[in-house]
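Enquirer:
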Amino acid sequence: MLMKSGINPFDSQEAKPYKNDPDILAMTNLVSSYQNNDITEFEKILKTNHSNIMDDPFIREHIEELLRNIRTQVLIKLIKPYTRIHIPFISKELNIYVCDVESLLVQCILDGTINGRIDQVNQLLELDHQKRNGARYMALDKWTNQLNTLNQAIVSKLA
């Protein structure tokens, strides 16, 4: 989960015998909700199995990063169809405070995950899909040029 991988470690042959163990079941459910980007289920599992999950020192150390990862994944999925979206709406969907949403948005904008800007006065996230499309068009242009070069090479060999 920390590596943002889709591989479920509990699907391996070695882990299958322990699948119904209460301690392992909590982690299995946590991994499943993480992979399904189900933040409400993820947080519910954390609350109901808090002692089982937090007893593991490794998980306790990295739980904030896991929460940030799943929130980022849900955020990206949530904002995808919009050009402008209200930050309080995002806050409600992610079930976190507006200031935490702004912090997450700033982090995503700075690392290039989201192309946009935050309008703090109007509490809006304004997305710039043009930048994302620009990269696509540049890739298509490069591909077209390579195909043209290949075509010219084939024509020159045939002539």
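Numbering (full-length UniProt numbering), first residue to last: 1 to 159.
The beta carbon of each residue, even a glycine, is placed where N, CA and C say it ideally should be.
(1) Residues bridged to Leu124 by DSSP?
(2) I'd like the list of long-range same chain contacts for Lys77, defined as Cβ closer than 7 Å, with 5 residues on each side in sequence excluded.
(3) Look at the alpha carbon of residue 162 and the alpha carbon of Ile39, and state the distance between them as a whole number of angstroms.
(4) What distance in whole Å lies between the Cβ atoms of Val101 and Ile79, which are believed to be in contact at a cut-off of 8 Å?
(5) Please go through the same chain and pick out, in chain order, the residues whose beta-carbon is closer than 6 Å to the beta-carbon of Asp128, but skip the five residues on each side of it.
(6) Can you tell me where the alpha helix (DSSP H) holding Asp100 begins and where it ends?
(7) Any idea if Phe45 is buried or exposed, counting beta-carbon neighbours within 10 angstroms, 16 or more meaning buried?
Expert: The short version:
(1) Leu124 is bridged to His86, Asp119.
(2) Closer than 7 Å at the Cβ level, and outside the excluded window around Lys77, lie Asn37.
(3) Look at the range of the chain in this structure, 1 to 159, and you will see that residue 162 is not part of it.
(4) Not a contact, Cβ separation roughly 11 Å.
(5) Close CB contacts of Asp128 within its chain, under the 6 Å cut and outside five residues either way in sequence, are with Asn115, Gly116 (chain order).
(6) Unbroken alpha helix (DSSP H) run through Asp100: 98-110.
(7) With the sequence shown as reference, residue 45 is identified as Ile, and Phe is not the correct amino acid for it. Of the residues assessed, Ile45 falls on the buried side of the cut-off, its CB having 16 or more other CB atoms within 10 angstroms.
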